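Trainee: Input: one structure, supplied below.
In the numbering used here, the protein residues as written are 1 to 116.
Pasting the structure below:
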């Protein structure tokens, strides 16, 4: 099926980690080289854009889980383990989003109740 991301294996994660470490080392060497141009700092993402990206990812996970569930219910050849993993991933993402929301609301209430 297209649009369905395969779960990352431990070997794949370790390979990506080593690539990142190699690139960081190369960047550190390049920054220490004499006569090198000054590095341009990337502007950090805003809180709103970070939250928007997180919500979009949770929504995409929910949509993927729903699509896999529907495909399984229609009798298409979809592995039940893939369906259950997608549903659990969507559930965990949703629960994490709720926890973040609760923490933000709690912090907002704490700030609003502070004496000025």
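Just so you know, even glycine gets a beta-carbon here, dropped at the ideal spot from N, CA and C.
Here the structure is a predicted model, which is why all the values come from computation and not from measurement.
Compare the beta carbon distance of residue 69 and residue 58 with 8 Å and say whether it is the shorter of the two.
Mentor: Sequence index remark: in the chain shown, residue 69 carries index 69 (1-based). Sequence index remark: in the chain shown, residue 58 carries index 58 (1-based). Against a cut-off of 8 Å, the Cβ pair of residue 58 and residue 69 comes out as no contact.
Trainee: Just curious, the alpha helix (DSSP H) that residue 46 is in, first and last residue?
Mentor: Within the chain shown, residue 46 is the residue found at index 46, counting from 1. From DSSP, residue 46 is part of no alpha helix (DSSP H); its letter is neither H nor E.
Trainee: CA-CA distance, residue 86 and residue 74?
Mentor: Walking along the chain shown from the start, residue 86 turns up at place 86. Walking along the chain shown from the start, residue 74 turns up at place 74. Those two C-alpha atoms are separated by around 17 Å.
Trainee: Going straight from the alpha carbon of residue 18 to that of residue 45, what length do you get?
Mentor: Looking up residue 18 in the chain shown gives position 18. Looking up residue 45 in the chain shown gives position 45. The straight-line gap from Cα to Cα measures roughly 25 Å.
Trainee: Check residue 1 in the structure and name its three-state DSSP category.
Mentor: By one-based count along the chain shown, residue 1 stands at place 1. Model confidence at residue 1 stands at a pLDDT of 47, short of 50, so the residue's coordinates are unreliable and nothing is read from them.
Trainee: Between residue 65 and the rest of its own chain, which residues show a CB-CB distance below 6 Å, the 5 nearest in sequence each way excluded?
Mentor: Here residue 65 refers to the residue found at position 65 when the chain shown is read from its first residue. Within the same chain, residue 65 has close Cβ partners 86, 87, 90.
Trainee: Short of 8 Å in beta carbon distance, which residues of its chain neighbour residue 55, apart from the five on each side in sequence? Order them along the chain.
Mentor: In the chain shown, the residue the question calls residue 55 occupies position 55. Cβ neighbours of residue 55 beyond the five flanking positions: 97.
Trainee: Spatial neighbours of residue 43 within its chain, please: CB distance less than 7 Å, with the 5 preceding and 5 following residues excluded, ordered by chain position.
Mentor: Mapped onto the chain shown, residue 43 falls at position 43. If we look at residue 43 and ignore the five residues flanking it on each side, it has no Cβ neighbours.
Trainee: Residue 107 to residue 78, Cα distance in whole Å?
Mentor: Reading the chain shown from its first residue, position 107 is the one you call residue 107. Reading the chain shown from its first residue, position 78 is the one you call residue 78. Approximately 43 Å between the Cα atoms of the pair.
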